[in-house]
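Enquirer: If you use the numbering used here, the sequence shown corresponds to residues 137 to 390, in order. Below: one structure in structure tokens.
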Amino acid sequence: MLPVRPAFVAGNWKMNGALAANAALLGKLRMELPECRVAEVAVLPPFPYLDQTARLLSGSTISLGAQDVSRHAPGAYTGEVAAAMLVDLGCRYVLVGHSERRALHGETDAIVAEKFGAAWAAGMTPILCLGETLEERQADATLDVVFRQLEAALALHGVAAFANAVLAYEPVWAIGTGLSATPEAAQAVHQALRQRVAKDDLAVAADLRIIYGGSVRADNAAALFAQPDIDGALVGGAALDADAFLAICRAVNP
Ligand code: PEP
């Protein structure tokens, strides 16, 4: 019997936000989140709003994270943001390998693995995003794809690095489409991922939080969270609406 892992819900704002809208959203989350029994909630605003968000969340139970990180140490990399800078701003989490970064910015498994290492070495918890496209799912290649994506980071950093990491299974076809994976289909992938990590280290696998992302909403969250290997959610669109995000948080351990 696996030990119960603390549930984790992270809100990815993507390239959205504005000073006034952020303040209103964060004010409402801050006020109402203590009622939710979710173990941990994080918000992941765009880089320019990290400092504002850190100040508005100061003293709250909500963690701060970023959506991307450079694989490089500080230096001549115009436009990049180093892991140490995110730590300076109070980031505890950072997404690596979100499908939009992979598809639109040419991030390969090798680059994502390097980003994972940069985040981890700086003391943050990387949230490693994995997921197949619709074509890959139709070709029955889902597990091949997510194992290949996982393997790149496992091979470079070893399983011990996953003691301080989160996996986010996000089928690409479910992101922003309204078409969530069924709880059973998502569970099958989460279970396979945990079993793959368990081959290298049983204890790390048992404690590893594997969250699901892809059109999570208030009305499908509880059924997803009821699956034994789904430990929370990476939420995109619904993270911009305080009521929708709070409803997802409340769906943990209802
Ligand atoms: C995401 O951006 O990671 C995501 C899961 O988006 P959405 O919830 O909108 O599908």
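Heads up, the beta-carbon is just placed ideally off N, CA and C, and yes, glycines get one too.
Below 8 Å, can you find three or more Cβ-Cβ pairs linking the segment 241-255 to the segment 272-280?
Expert: Touching, no.
Enquirer: G147 by DSSP, collapsed to three states: which one?
Expert: Counted from its first residue, the sequence shown places residue 147 at position 11. DSSP places G147 in strand when its eight states are reduced to three.
Enquirer: If you measure between the beta carbons of E176 and P142, is that distance less than 8 Å?
Expert: Counting from one through the sequence shown, the residue named residue 176 turns up at place 40. Counting from one through the sequence shown, the residue named residue 142 turns up at place 6. In contact: E176 and P142 (Cβ atoms closer than 8 Å).
Enquirer: Quick check on A374: buried or exposed, where buried means 16 or more other Cβ atoms within 10 Å of its Cβ?
Expert: Here residue 374 corresponds to residue number 238 of the sequence shown, with the count starting at 1. So A374 ends up on the buried side.
Enquirer: Any idea what DSSP makes of P170, helix, strand or coil?
Expert: For the purposes of this step, residue 170 is taken as residue 34 along the sequence shown, with counting starting at 1. It is helical.
Enquirer: Does T189 pass the burial test, meaning 16 or more other C-beta atoms within 10 Å, or should it be called exposed?
Expert: By one-based count along the sequence shown, residue 189 stands at place 53. Per the 10 Å Cβ criterion, buried.
Enquirer: Keeping to the same chain, check which residues put their C-beta closer than 6 Å to that of N300; ignore five residues upstream and five downstream.
Expert: Position 164 of the sequence shown, counting from 1, holds the residue named residue 300. Answer for N300: T261, listed in chain order.
Enquirer: Look at the alpha carbon of D245 and the alpha carbon of C265, and state the distance between them as a whole number of angstroms.
Expert: In the sequence shown, the residue the question calls residue 245 occupies position 109. In the sequence shown, the residue the question calls residue 265 occupies position 129. So the two alpha carbons sit approximately 11 Å from each other.
Enquirer: Out of A239, F298, N158 and G233, which has the shortest C-alpha to C-alpha gap to I247?
Expert: The count along the sequence shown starts at 1 and reaches residue 247 at position 111. Measuring from the Cα of I247, the nearest candidate turns out to be G233.
Enquirer: Please state whether the Cβ-Cβ distance between L180 and G201 is less than 8 Å.
Expert: Working through the sequence shown from its first residue, we reach residue 180 at position 44. Working through the sequence shown from its first residue, we reach residue 201 at position 65. Closer than 8 Å, so yes.
Enquirer: Can you tell me whether DSSP reads P184 as helix, strand or coil?
Expert: Along the sequence shown, one-based indexing puts residue 184 at 48. Three-state result, P184: helix.
Enquirer: Would you tell me roughly how many angstroms separate the C-alpha atoms of R386 and I366, rounded to the nearest one?
Expert: For the purposes of this step, residue 386 is taken as residue 250 along the sequence shown, with counting starting at 1. For the purposes of this step, residue 366 is taken as residue 230 along the sequence shown, with counting starting at 1. Taking the straight line joining both Cα atoms gives about 15 Å.
Enquirer: Tell me, please, which residues DSSP counts as bridged to G201.
Expert: Here residue 201 refers to the residue found at position 65 of the sequence shown. DSSP lists Y229 as partners of G201.
Enquirer: In three-state terms, what does DSSP make of T395?
Expert: The first residue shown for the chain is 137 and the last is 390, placing residue 395 beyond what the model contains.
Enquirer: What do you get for V140, buried or exposed, if any count of 16 or more other CB atoms within 10 angstroms of its CB means buried?
Expert: Indexing the sequence shown from 1 puts residue 140 at position 4. Under this definition V140 is an exposed residue.
Enquirer: Measuring only from the beta carbon, is N148 closer than 7 Å to any heavy atom that is part of the ligand NAD?
Expert: With respect to small molecules bound, the structure shown includes the ligand PEP and not the ligand NAD.
Enquirer: Comparing alpha-carbon positions, which option in W309, F381 and Q323 lies nearest T269?
Expert: Along the sequence shown, read from residue 1 onward, the residue named residue 269 stands at position 133. Out of W309, F381 and Q323, W309 has the C-alpha closest to the C-alpha of T269.
Enquirer: What are the uninterrupted segments assigned as alpha helix (DSSP H) that are 4 or more residues long and contained completely in the segment 267-352, given in chain order?
Expert: As far as the segment 267-352 is concerned, its whole alpha helix (DSSP H) runs of at least 4 residues are 270-274, 278-293, 319-336 and 338-343.
Enquirer: Measure the C-alpha to C-alpha separation of F313 and S206 and round it to an integer number of angstroms.
Expert: For this step, residue 313 is matched to residue 177 along the sequence shown. For this step, residue 206 is matched to residue 70 along the sequence shown. Looking at the sequence shown, residue 313 is not Phe but Thr. For T313 and S206, the distance between alpha carbons rounds to 28 Å.
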